[in-house]
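Trainee: All residue numbers for the sequence shown refer to our numbering, where the first residue is -18 and numbers rise by one.
Think of the CB as a built atom: it goes at the ideal place given N, C-alpha and C, for glycine as much as any other residue.
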Amino acid sequence: MTGWVKIAGLGPGSDDLVTPQVSDALAAASDVIGYIPYVARIAPRAGLTLHPSDNRVELDRARHALSLAARGHKVAVVSSGDPGVFAMASALFEALEYGPAIWRDLDIEVLPGITAMLAAAARIGAPLGHDFCAINLSDNLKPWALIEKRLRLAVEGDFAMAFYNPRSKSRPEGFARALYLLQKACGDARPVIFARAVSTPAEEIRVIPLNDALPEMADMRTVVIVGASNTRVIEGAPRPIVYTPRSVLP
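#1: May I ask you to report which of helix, strand or coil DSSP gives E216?
#2: Give me the residue from A51, A43, A8 and S61 with the minimum Cα distance to L(-2).
#3: Note down the Cα distance separating R187 from R177, rounded to an integer number of angstroms.
#4: Would A102 and I206 qualify as a contact pair, given that the criterion is a beta-carbon distance under 8 Å?
#5: With distances taken between CB atoms, is the gap from L87 to A6 smaller than 8 Å?
#6: Would you list the one or two residues that DSSP bridges to S60?
#7: To the nearest angstrom, how far is the alpha carbon of M142 from that of R44?
#8: According to DSSP, simplified to helix, strand and coil, what is M142?
#9: Have a look at D(-4), H54 and A72 and flag the residue whose alpha-carbon is nearest the alpha-carbon of Y16.
#10: Can you check DSSP and say which residues form a bridge with W(-15)?
#11: Taking C-alpha atoms, which residue in H111, A183, S180 and L163 lies nearest to P190?
#12: Below 8 Å, can you find three or more Cβ-Cβ pairs linking the region 209 to 224 to the region 118 to 134?
#13: Within the present structure, is the beta-carbon of D139 separated from the nearest heavy atom of the ligand GDP by less than 7 Å?
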């Protein structure tokens, strides 16, 4: 087959954080498929067809990409951040597993990108400098009970935590419940980083003690990082530095 699929991560927002590998794939693509705001980041050009689609149609989007590639198209499937972190890579491989056998002969490659979690951490210091976990707080594809269980276990394991999709207009109560759980379970003032629209002109980063954190401090453009019990804050200008030591003393 002459067609291919590149599942590409566009990074957190700034063009400076798109990898050269991804830029090369976009330059060679005949088609770009993705969620509307991500496809909007791709400049139109002759010979390129853009296929924006709405949220919550990931499997349809993946099947479309594979079908085009099977017909010889060179398809870039774009996600923000890294395509393997709560994004399109998993959806595409799910479509591949249950789709026509011919799709398995396609040239498929995942091109990594810089996640919002890592971009936010770099802006503020090194809050993920020791063991950490990432949790998607959206309950669109999994039950809230499972999210709550994972939160409790992450606190028990004393992980730093990064939260994606914390608070949408349609389900604002989820992040409020998560914060309440963390405040009760942790019982301390460990730092919470609210990093909104990292690497874009609208970037806003705040460091708040856990017991002062409020649900309305986050929205769907915000990554929230909660420190471990030993995460440290160095006060200074222009903003505090937050880091988690690499060593854990007995």
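Mentor: With the given structure in hand:
#1: Shown here, E216 sits in coil according to DSSP, grouped into three states, outside any helix or strand.
#2: Cα-wise, what sits closest to L(-2) is S61.
#3: Computed Cα separation, rounded: 9 Å.
#4: Annotated as proximal: A102 and I206, with beta-carbon spacing under 8 Å.
#5: Remark: C-beta atoms of L87 and A6 do not approach each other more closely than 8 Å.
#6: Under DSSP, S60 takes part in a beta bridge, and its partners are G(-10).
#7: Between M142 and R44, the alpha-carbon positions lie close to 33 Å from each other.
#8: M142: strand per DSSP, three-state reduction.
#9: Comparing Cα positions, the closest option is A72.
#10: Under DSSP, the beta-bridge partners assigned to W(-15) are K55 and D88.
#11: Scanning H111, A183, S180 and L163 for the CA closest to the CA of P190 turns up L163.
#12: No, they do not touch.
#13: No copy of the ligand GDP appears in this structure; indeed no ligand is present at all.
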